[in-house]
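Shown next, in structure tokens, is the structure this report addresses.
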Amino acid sequence: MPCPINLHEQFYVDIIRAGKHLMGKKPFGIDQKANTNILKALEENPDVLVRCSSEFPFFPACQRIIQWIREERFGTIMEVRAGFNHSSDMDLSKPINWKRMIEYNGEYGCMGDLGIHTQYMPFRMGWISQSVYAVLSNIVPERPDGKGGTAPCQTWDNATLVCQVGDSHGNAFPMYLETKRLDPEATNKWFIEVYGSKASARFTTDDPKIFTFLGGQGKRTGLVQGGCRAQNDGALDYRRDLRVRLFRRYTADVGRLPARAGWQRTAVRLRKAGGDPHLSCPAERGSRSRIEEFYRTIASEFEKRGFTVLTAPICRLKN
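Numbered per the working numbering, the sequence shown spans residues 3 to 321.
Below you can see the structure in the form of structure tokens.
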């Protein structure tokens, strides 16, 4: 039900009281009073299905992060970051519009118009803020009014919320939520990042077919890094664009099939770190059977040292 924010209360209450299901546009009310009235109408009509829509969590890679959270594969959650950022208002000569007017957007500005997109996944995962500290910015105090003059910008351009969150096990961790209308690098950028003691993962619409993750535990963490690409059927393919990071900054890229010298350096580094002294590199560039064997050996060496190799098909490659 798309309509101006200042009409959400009237439209939503009328729809709910008429017994119609509602897929509503964010936010659910221009202010707290409007939201309270919408929620009251919903309580009075419990048979009506009401939801606020957000499409971003349904990307395959994002669904994988949700799955990992539910399976507790991240271990103890240390930090979560989410955001929804724009750059369309970086043009300071752009005339003022409804986003800058309290009577049409609400005093909370970008937090109301963009906020639910950042909170959809955390709320669904049960990460409810116990405390919130907000850093708010009104970067452009006035804009052209379209009539030859200027008009004041009354709402917040950018907001960063620093939240204290508790999980189902009673552990507390920080969660950072960004909603920005002025972000020089963003073009409708939505992202989610989860950092844990056993694994970490992130997703961004800047590259919506990629799922990036880190795994490993012990004295060194983050030694195994991978990315997988969603296929046309929505499945995540771990066999493409897969990278295994070995010993600090050295990276062997499976997709590019490095020359023999690259594999040799990897083998030498692994041996120096106490690995299999008989480990050798593929005989020639593009020898996929040898590459599979090589990566299986690497995965085995990591596991012997107490690292967790998160992807079973880490060595599988398409012929």
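The C-beta atom is built at its ideal place from N, Cα and C for all residues, glycine as well.
Within 10 angstroms of the beta-carbon of C155 lie 16 or more other beta-carbons, which makes it buried.
Annotation for Q132: the continuous beta strand (DSSP E) segment containing it runs S131 to S139. As computed with DSSP, T181 is found in a beta bridge with F86 and A161.
Here the alpha carbons of G128 and K35 stand approximately 25 Å from one another. The C-alpha of A174 is placed about 26 Å away from the C-alpha of N87. In the three-state scheme derived from DSSP, where H, G and I count as helix and E and B as strand, T206 is classed as strand. Boundaries of the beta strand (DSSP E) around C54: V52 to C54. Separation of R102 and G150 (C-alpha to C-alpha, rounded to the nearest whole angstrom) is 18 Å. One alpha carbon belongs to T120, the other to G148, and they sit about 32 Å apart.
Under the 8 Å Cβ criterion, the region 38-47 does not count as touching the region 59-76, having fewer than three qualifying pairs.
Bounds of the alpha helix (DSSP H) holding T120 are C112 to R126. A residue is called buried when at least 16 other Cβ atoms come within 10 angstroms of its Cβ; K22 does not meet this threshold and is exposed. Judged by DSSP in its simplified three-state form, A63 adopts helix. In this structure the region 153-167 lies against the region 178-190, because at least three pairs of beta carbons, one per stretch, are closer than 8 Å. DSSP places E144 inside the beta strand (DSSP E), whose first and last residues are E144 to P146.
Annotation: the continuous beta strand (DSSP E) that includes T152 extends over T152 to P154. Ranking F193, S133, V164 and C112 by CA distance to the CA of S139 puts C112 first.
For I71, the closest C-alpha among the options A188, V52 and I194 is that of I194. The alpha carbon of R145 has as its nearest neighbour, out of L179, K96 and G172, the alpha carbon of K96. Between the beta-carbon of N190 and that of T207 there is about 7 Å, and that keeps the pair under the 8 Å contact cut.
Put simply, of L44, Y122 and N99 the residue whose alpha carbon is nearest the alpha carbon of G85 is Y122. Within the DSSP bridge table, the entry for M25 names R53 as partners.
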